[in-house]
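Just so you know, we're using the numbering used here here: the sequence shown kicks off at 14 and counts up by one. Cβ atoms here follow ideal geometry from the backbone N, Cα and C, with glycine treated the same way. Below you'll find the structure, written out as structure tokens, and then a few comments.
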Amino acid sequence: MTDVAAGLTTTKAPFIEQARCDGRLYIEQPYALYSEENHEAWRRLYARIAPRWRRYAHPRFLEGIDQLAFDPDRIPRLEDVNRFLEPLSGFSARAVSGYVPAYAFFESLRNRAFPTTITIRESTRLDYLPEPDIFHDVAGHVPMHTDRVFADVLVRFGEVARNAAEMTAEITDADVRIHRVESIIKAMARFFWFTVEFGLMHTADGLRVYGSGLLSSFGELEHCIESPDVQRYPFQLEWVVNQYFEIDHYQPLLFIVDSFDHLYGQVDLLDEWVRAGRLDNVSPGEPNVNEADLRSFLDALT
Ligand SMILES: [Fe+2]
14 MTDVAAGLTT TKAPFIEQAR CDGRLYIEQP YALYSEENHE AWRRLYARIA
64 PRWRRYAHPR FLEGIDQLAF DPDRIPRLED VNRFLEPLSG FSARAVSGYV
114 PAYAFFESLR NRAFPTTITI RESTRLDYLP EPDIFHDVAG HVPMHTDRVF
164 ADVLVRFGEV ARNAAEMTAE ITDADVRIHR VESIIKAMAR FFWFTVEFGL
214 MHTADGLRVY GSGLLSSFGE LEHCIESPDV QRYPFQLEWV VNQYFEIDHY
264 QPLLFIVDSF DHLYGQVDLL DEWVRAGRLD NVSPGEPNVN EADLRSFLDA
314 LT
């Protein structure tokens, strides 16, 4: 029996534990399980950050928020979100029970499905949490998926991953293959981090935020634009793929793109670099490539 009163709170949801125990990664969103405290966490997060979105978020994000018609007081149902989202870009939000290994994640993007956490943080701990939750995934990411070019960027990422898996599958020396796959995963994770999660963009009104890690963080959303402590540089692929990052504090270094078309062009270039072997030995350091990520690429074509 699932305990309805237990809710769907991050790290404390029996429903999620059971799904993981059963080996079910893709799940339904059991909407009735959300507790009033869960909805209260959404309400507080939304009310607190909305004024900052209007000030710092990219205009396409704000349009996306309108197009998806979120209820500021209740956690969204993914089926409602998808009803608005799919006609716009073909993307949908797909509920998952936990971490999606790197290749499966990129492959899901290639198929225009965004793996989405359905739990929510505790209402008394609104600020930092290391795990993604539905506020990060749905309020932070999904509004960007209403933009066709941005959606195509995500699909292109999926294609880069597939090309990388195909190229490295031909390497006969196991150690060389593992080293190259690890390096390419690291480079892709860094690119993703400094764009989809923490990207800034020039707009007619000045610097605006399109990265979801920033868009779902009340504190960092203002800090990333206003603070003199943040270094902000034009996006440079050779720098980004070699730049390590840490996830547990505000980012000291961010990269700026000119447009979504510019961003798309950089993912194209990333693909060229995979093919040319330029990501085979990137600078070591964070992020760590875990065993599941590595395996997912090594076994991608089997
Ligand atoms: Fe994210």
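### Query
Could you give the residue range of the beta strand (DSSP E) that holds Val109?
105-109
#### Entry: Span separating the alpha-carbon of Ala152 from that of Glu210
13 Å
### contact_flag[the region 73-93, the region 54-65] where n(CB pairs < 8 Å) is 3 or more
yes
### CA-to-CA distance, Tyr69 to Pro241, given in whole angstroms
16 Å
### Query
Cβ-heavy atom distance between Gly290 and ligand 1 below 7 Å?
no
### Query
Does the distance from the C-beta atom of His158 to that of Ser102 stay below 8 Å?
yes
### Query
Is there at least one non-hydrogen atom of ligand 1 closer than 7 Å to the beta-carbon of Ser225?
yes
### Message
What does the alpha-carbon distance come out to for the pair Thr15 and Phe28?
### Response
Residue placement at Thr15 is poorly supported in this model, since its pLDDT is 46, which falls under 50; the coordinates still yield a value, given next. Each residue's alpha carbon lies about 6 Å from the other.
#### Entry: Boundaries (first-last residue) of the alpha helix (DSSP H) holding Met180
161-182
#### Entry: As assigned by DSSP and simplified to three states, the class of His149
helix
### Message
Quick check: the Cα distance between Arg161 and Leu213, rounded to an integer number of angstroms?
### Response
18 Å
### Residue from Phe118, Glu285, Arg67, Pro64 whose Cα sits closest to the Cα of Asp306
Phe118
### Query
Hey, would you say Ser196 sits closer than 8 Å to Asp293, going by beta carbons?
yes
### Contact check, Leu250 vs Leu283, beta carbons under 8 Å
yes
### Task
Please name the residue in His52, Arg96, Gly224, Ala174 whose C-alpha comes closest to that of Thr137.
His52
### Query
What's the C-alpha gap between Pro128 and Pro114?
11 Å
### Message
With a threshold of 7 Å (Cβ to nearest heavy atom), would His158 be considered close to ligand 1?
### Response
no
### Task
Examine ligand 1 and report whether any of its heavy atoms sits within less than 7 Å of the Cβ of His149.
yes
### Message
Three Cβ pairs or more, each shorter than 8 Å: is that satisfied between the region 252-268 and the region 286-301?
### Response
yes
### Query
Are there 16 or more other CB atoms within 10 angstroms of the CB of His262, so buried, or fewer, so exposed?
exposed
### Message
Assuming contact is defined by CB atoms lying nearer than 8 Å, are Arg175 and Arg123 in contact in what I supplied?
### Response
yes
### Message
In chain order, what are the residue ranges of uninterrupted beta strand (DSSP E) at least 3 long that sit wholly in the region 203-230?
### Response
213-216, 219-222
### Message
ligand 1 and Pro145: does any heavy atom of the ligand fall closer than 7 Å to the residue's C-beta?
### Response
yes
### Query
When burial is assigned at 16 or more other CB atoms within 10 Å of the CB, is Ala200 buried or exposed?
buried
### Run of the alpha helix (DSSP H) containing Val94, from where it starts to where it stops
91-102
### Query
Who are the near neighbours of Val287 in its chain, counting only those whose CB is closer than 8 Å to its CB and skipping five residues on each side?
Val173, Asn176, Ala177, Met180, Ile197
### Message
Tell me whether Glu299, by its Cβ, gets closer than 7 Å to a heavy atom of ligand 1.
### Response
no
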